[in-house]
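Novice: In terms of the working numbering, the numbers along the sequence shown are unbroken and rise by one, the last being 328.
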Amino acid sequence: MGKRLTIHDIVDFKSRGEPIAALAAYDYFTAKFIDRAGADIILIGDSMNMVVYGEETTLTLDLEQSIYHTRAVARAVERALVVGDMPFLSYQPSPRDAVFSAGELIRAGAQAVKLEGGRAFLDHIGAILDAGIPVMGHLGMTPQSFHKFGGYRLVGKDAEEASRVLDAAIALTEAGVFSIVLEKIPSALARKITETVDIPIIGIGAGPYCDGQILVVNDILGLFDDFSPKFARKYADLAGIITESAANFVQDVKNKEFPNKSESYK
Ligand code: KIV
């Protein structure tokens, strides 16, 4: 595992005002390169269900898949904090389920786990923490509640919903999570939460005032077809590069230009 960052290092980032750069990634080589690039946290997010497996939501990912990808990423990462994501139904039924599922992700090489939800999951979070496993919270537009929200909508726009998110962030902090992801909420609300709690707040679609930012690696690399959220910044066009490279290969084969002599054995 080498000299990976710990949850204490991540908390220290907030104390000294250094922004935290986090990415969700799911396979060995991608994790290796983004670790080398200096990402502070690598989350094996359940978003893999959409960007790796092509599903419409995160709801059908199971714990086995999350464990499998966590193991691959953990093998690659030398510096970043590795966080495993708890899939839908791997923790919701009971605190006992939560501890067993979190433990499997730790056994796969994660140093902490992330789960979605507010006050309703305080007992689950407490049980995981009691087992010695650090927890990252996730509030705002939590994709596992897709059907409750009626889609991937902005959460916390009206005063009542905003105060529920703030209240949940305070409750999670008091329960002992080391950090919270805030997804798709107004910047002003994210700023208020960031200023209110003393643990790092990591935003995704939550504006510039958070202690850190997280994005899905496929989104920053342009490795998607027709969907990219407004809040993601595209740094490369891998979809274009893959399509063009594969088309060139196909053409070379069809034209009998591949393989050449140097690509063949005597
Ligand atoms: O699953 C995921 O990738 C996430 C992050 C985008 C926060 O939950």
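We put the beta carbon where it would ideally sit given N, CA and C, even for glycine.
Computed from a prediction, not measured in an experiment: that's the story for all the values here.
When the Cβ atoms of the stretch 177 to 186 are set against those of the stretch 226 to 238, are three or more pairs found closer than 8 Å?
Specialist: Output reads yes: the stretch 226 to 238 touches the stretch 177 to 186.
Novice: Work out the CA separation of residue 176 and residue 98 for me, nearest whole Å.
Specialist: Straight-line Cα distance between these residues: approximately 23 Å.
Novice: Among 86, 197, 213, which has the Cα closest to the Cα of residue 204?
Specialist: Answer by Cα proximity: 213.
Novice: Give the DSSP bridge partners of residue 298, in chain order.
Specialist: Its beta-bridge partners do not exist; DSSP assigns none.
Novice: Just to confirm, are residue 133 and residue 107 a CB contact at a threshold of 8 Å?
Specialist: No; because the gap between Cβ atoms is not below 8 Å, this pair is not in contact.
Novice: Ordered along the chain, which non-local residues of its own chain (more than five positions away) have a Cβ less than 6 Å from that of residue 265?
Specialist: These residues qualify, in order along the chain: 244, 252, 272, 275.
Novice: What number of angstroms, rounded off, separates the C-alpha of residue 169 from the C-alpha of residue 207?
Specialist: Approximately 27 Å, taken between the alpha carbons.
Novice: Give a yes or no on whether the C-beta atoms belonging to residue 231 and residue 69 are separated by under 8 Å.
Specialist: Cβ distance not < 8 Å, so residue 231 and residue 69 don't count as in contact.
Novice: Start and end of the alpha helix (DSSP H) containing residue 125?
Specialist: Start and end: 125 to 138.
Novice: Any contact of the stretch 151 to 171 with the stretch 71 to 85, i.e. 3+ C-beta pairs under 8 Å?
Specialist: Segments in contact, no.
Novice: So who's on the other strand from residue 220, going by DSSP bridges?
Specialist: In DSSP, residue 220 forms no bridge with anything.
Novice: Between residue 185 and the rest of its own chain, which residues show a CB-CB distance below 6 Å, the 5 nearest in sequence each way excluded?
Specialist: Around residue 185: 157.
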